[in-house]
Amino acid sequence: MSGKNPLTDPGGYASYGYVVGECLTQLGYEVDLLAFGERDEEVPTAGGRIRTFGSRTVPRRTEFFPFWCRRFAREIHAALGEAEQAVVHGVGPWSLAGVLAMRKNRRIKAVGSYFTTLRNEMFWLAKGVPINDYGLGPKARYQTAYLVVLLTLHPIERWALSRLDTVFVHYEYTRKLLERELGLRGRNLVMIPYAIDLQPKAALNMIPAAPADHPFEVLTVCRQEPRKGINYLLRAYRLLLDRGVTFHATVVGSGALLEAHRKMTRRLGLDGSVEFPGFVPDLSGCLESANAFVLPSVQEGSGSISLLEAMSYGLPVVVSACDGLPEDVQNGVSGLLVAPADPERLADALEALARDAGLRSRLGRSAKEVYRTRFQPAAMRDALRDQYARLFPGAKGSGD
23 MSGKNPLTDP GGYASYGYVV GECLTQLGYE VDLLAFGERD EEVPTAGGRI RTFGSRTVPR
83 RTEFFPFWCR RFAREIHAAL GEAEQAVVHG VGPWSLAGVL AMRKNRRIKA VGSYFTTLRN
143 EMFWLAKGVP INDYGLGPKA RYQTAYLVVL LTLHPIERWA LSRLDTVFVH YEYTRKLLER
203 ELGLRGRNLV MIPYAIDLQP KAALNMIPAA PADHPFEVLT VCRQEPRKGI NYLLRAYRLL
263 LDRGVTFHAT VVGSGALLEA HRKMTRRLGL DGSVEFPGFV PDLSGCLESA NAFVLPSVQE
323 GSGSISLLEA MSYGLPVVVS ACDGLPEDVQ NGVSGLLVAP ADPERLADAL EALARDAGLR
383 SRLGRSAKEV YRTRFQPAAM RDALRDQYAR LFPGAKGSGD
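Written out as structure tokens, the structure is:
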């Protein structure tokens with residue numbers, strides 16, 4: 023469970039939870055995906071039965087996960103019936119639901135998939151809103167939220183993580199973070215392959231150059247939040263215009279800072295060159311028309327689903343050298359890495375791609391090959407099969 027409905031929520035946790043559900047369904051498990059929603063309802067999907075639960079009193083936000091997890095734990099007990107065994111697989115802090123359910127039922131094993139911690143994420147949300155770009159109000163709000171997480175939610179997350187039967191990670195960065203912040207070590211901290219759920223429609227070979235009468239098209243897909251470094255990207259775009267580079271940029275995604283970024287775009291004189299359409303449900307058109315993809319994060323936690331989508335389409339990528347991103351992109355081979363929060367270096371990398379179609383083609387082909395070899399569902403499915411079998415030695419190959 024990821025807390026959010028993969029059919030209606032654009033977040034990475036929900037998409038990841040659905041991929042796990044697909045893998046487990048293919049392995050023969052009966053899968054329920056639990057999420058909060060406007061009302062109680064069930065929807066059958068290829069990734070399992072999505073069950074949403076509404077509440078008149080608890081807001082549908084991640085920071086209220088302890089309350090939702092108590093509800094999910096009760097629903098898990100009610101749904102088990104006469105099942106001999108069950109695994110509750112949580113994503114991030116939502117793993118708490120499995121721990122709560124496991125305490126009352128020995129038939130349950132609780133596992134979790136982790137990318138970052140609430141403490142680490144909120145630290146960078148607070149740090150990523152410089153006052154000169156966003157003002158004092160947002161800075162104060164995010165700093166207050168960080169202190170609340172540090173004093174209340176971080177101890178809960180730490181308690182739950184220490185009681186999981188297995189914690190799955192996909193990046194070396196995440197493994198080191200959990201060891202450093204939470205003291206997790208040993209055989210219960212397991213690295214497994216990663217996969218994303220999409221059907222690329224891009225051409226398999228060459229990356230087309232931008233026509234002479236068409237500007238260089240750059241795409242970014244991310245939530246509009248402080249960790250994503252969009253303020254630094256906009257300053258890089260201003261530098262590109264000053265250098266005489268013709269381009270058009272689209273920054274897709276909703277979030278708390280969307281309007282602030284639109285205002286910053288106008289303030290920097292980027293009207294007509296940069297647009298923020300908000301949330302786009304189907305990214306295929308954006309990916310097919312782009313000539314490059316850029317992700318300027320100051321903190322990512324581990325990797326990025328939107329980055330992997332771009333690589334699957336064969337787009338040359340420019341990404342920050344932070345957290346787990348360098349584990350997916352080799353500088354100068356499958357993309358270009360730049361220092362976080364550095365508009366000058368970001369502009370240099372984008373200018374190099376804009377002026378060199380051959381470089382775009384070479385990096386794009388390499389990025390697609392990295393995706394093909396490292397991020398396929400079969401490898402993730404096989405790893406989950408082996409790890410689930412370890413939870414119930416001697417049991418059959420499928421369960422609930």
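Residues 23 to 422 (my numbering) are what the sequence shown spells out, left to right. In this text, a Cβ means the ideal position worked out from N, Cα and C, and glycines have one as well. Given the structure is predicted, the values throughout are model-derived calculations rather than measurements.
Output the distance between the C-alpha atoms of residue i and residue j, rounded to the nearest integer angstrom.
i, j, result
"histidine 176", "aspartate 378", "47 Å"
"isoleucine 130", "alanine 119", "11 Å"
"methionine 333", "leucine 292", "27 Å"
"leucine 337", "arginine 207", "37 Å"
"glutamate 297", "glutamate 349", "30 Å"
"methionine 402", "leucine 290", "44 Å"
"proline 399", "serine 328", "16 Å"
"phenylalanine 414", "aspartate 187", "11 Å"
"tryptophan 116", "proline 237", "43 Å"
"tryptophan 90", "tyrosine 164", "23 Å"
"valine 113", "tyrosine 195", "17 Å"
"leucine 158", "isoleucine 252", "18 Å"
"valine 276", "glutamate 247", "Note that residue 276 is serine in the sequence shown, not valine. If you take the alpha carbons of serine 276 and glutamate 247, they lie about 9 Å apart."
"lysine 223", "alanine 100", "With a pLDDT of 37 at lysine 223, under the threshold of 50, the predicted position of this residue should be treated as unreliable, and no value is reported."
"cysteine 45", "glycine 69", "8 Å"
"tyrosine 136", "methionine 286", "34 Å"
Taking residue i as part of the beta strand (DSSP E), name the residues at either end of that continuous run.
i, result
"histidine 111", "108 to 113"
"isoleucine 72", "70 to 75"
"aspartate 54", "54 to 58"
"serine 37", "Looking at the DSSP string, serine 37 is not in any beta strand (DSSP E); the run it does join, the alpha helix (DSSP H), is 34 to 48."
"proline 20", "Any answer about residue 20 is impossible in this case: the structure gives the chain only from 23 up to 422."
"glycine 134", "130 to 136"
"glycine 300", "296 to 300"
"serine 342", "339 to 342"
Starting from residue i, trace the alpha helix (DSSP H) both ways and give me its first and last residue.
i, result
"valine 80", "Premise fails: valine 80 is in no alpha helix (DSSP H) and is neither H nor E."
"histidine 176", "176 to 183"
"glutamate 366", "365 to 377"
Let's test the definition: count the other Cβ atoms within 10 Å of the Cβ of residue i and tell me whether it reaches 16, buried, or not, exposed.
i, result
"asparagine 353", "exposed"
"glycine 266", "exposed"
"aspartate 155", "buried"
"valine 170", "exposed"
"threonine 166", "exposed"
"isoleucine 218", "buried"
"glycine 34", "buried"
"proline 303", "exposed"
"lysine 26", "buried"
"serine 184", "exposed"
"lysine 198", "exposed"
With a CB to CB cut of under 7 Å and the five nearest residues on each side skipped, what residues in its chain are close to residue i?
i, result
"leucine 172", "Arg141"
Given residue i, which residues of its chain have a CB within under 6 Å of its CB, disregarding the five upstream and five downstream residues?
i, result
"threonine 139", "Glu203"
"alanine 405", "Ile214 and Pro215"
Please work out which residues of its chain come closer than 8 Å, Cβ to Cβ, to residue i, disregarding the five sequence neighbours upstream and downstream, and give them in chain order.
i, result
"isoleucine 153", "Lys161"
"threonine 47", "Val53, Ala68, Gly69 and Gly70"
Which complete beta strand (DSSP E) runs does the stretch 138 to 217 hold, if anything under 3 residues is left out?
DSSP runs (the beta strand (DSSP E)) wholly in the stretch 138 to 217: 188 to 191 and 211 to 213.
Sequence ranges, beta strand (DSSP E) only - wholly within the stretch 257 to 296, length at least 3
Whole beta strand (DSSP E) segments, 3+ residues: 269 to 274.
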